[in-house]
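Numbering (UniProt numbering), first residue to last: 1 to 68.
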């Protein structure tokens, strides 16, 4: 499964979900879904905008964990 570590990067950058929402142009509701691990998919454009705002790489946000 793919885990989205958005909360970790937000804490490292001392940024709130509200600030990120304003910077990337994604609604709070959609960012909350990502942050809480409820998302089934993410657009590359959204991932790119988040990485740009948080000054990080996709691998800093996305993590693969085996279901075993």
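Here a beta-carbon is modelled for each residue, glycine too, at the ideal position from N, C-alpha and C.
Secondary structure of residue i, DSSP reduced to three states
i	result
residue 77	Beyond the ends of the chain as shown, which are 1 and 68, falls residue 77; an answer cannot be given.
residue 3	strand
residue 19	helix
residue 56	coil
residue 42	coil
residue 12	helix
residue 76	Residue 76 lies beyond the stretch modelled for the chain, which goes from 1 to 68, so this question has no answer here.
residue 68	coil
Assumed close pair residue i, residue j - CB separation to whole angstroms, cut-off 8 Å
i	j	result
residue 61	residue 5	6 Å
residue 17	residue 40	Going by Cβ atoms, the distance from residue 17 to residue 40 rounds to 19 Å, so no, they are not a contact pair.
Minimum Cβ-Cβ distance from residue i to chain B less than 9 Å
i	result
residue 55	Here chain B cannot be found, since the structure has a single protein chain.
Cβ neighbour criterion (16 or more within 10 Å) applied to residue i
i	result
residue 26	buried
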